[in-house]
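Before any comments, here is the structure.
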Amino acid sequence: MPPLTIHPEDDRFRRSPLPGDCCQSGCDPCVFDLYDEALARYRTELAAWEARHRPQAARDD
Numbered sequence: 125m126p127p128l129t130i131h132p133e134d135d136r137f138r139r140s141p142l143p144g145d146c147c148q149s150g151c152d153p154c155v156f157d158l159y160d161e162a163l164a165r166y167r168t169e170l171a172a173w174e175a176r177h178r179p180q181a182a183r184d185d
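Under our numbering, think of the first position of the sequence shown as 125, with each following residue one higher.
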């Protein structure tokens, strides 16, 4: 998968899928599974972005 464009103000993951977003047909993967995977990836990449953009003094600690 290509890397996500990460920025702290990115709001793609502020709302999880609503119950009505799932069709209740037992899909594999379900919309909730896809959201959980994307959110975990986003959090990992955001942490890396924050580490790269931390002020130099904070990185030296």
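Even for Gly, the Cβ is constructed at its ideal location relative to N, Cα and C.
None of these values were measured; they are calculated from a predicted model.
Backbone secondary structure at residue i - three-state DSSP
| i | result |
| --- | --- |
| Arg176 | helix |
| Leu142 | coil |
| Glu133 | coil |
| Asp152 | coil |
Proximity winner among the options, relative to residue i (alpha-carbon distances)
| i | options | result |
| --- | --- | --- |
| Asp135 | Ala175, Gln148 and Arg167 | Arg167 |
Proximal residues to residue i (C-beta, below 6 Å), its chain only, five neighbours per side dropped
| i | result |
| --- | --- |
| Val155 | Pro141, Asp145 and Cys146 |
Sequence-distant residues of its chain with Cβ nearer than 7 Å to residue i (five each side left out)
| i | result |
| --- | --- |
| Arg176 | none |
Exercise. Could you say if the segment 138-148 and the segment 156-168 meet the contact criterion of at least three C-beta pairs nearer than 8 Å?
Key: yes
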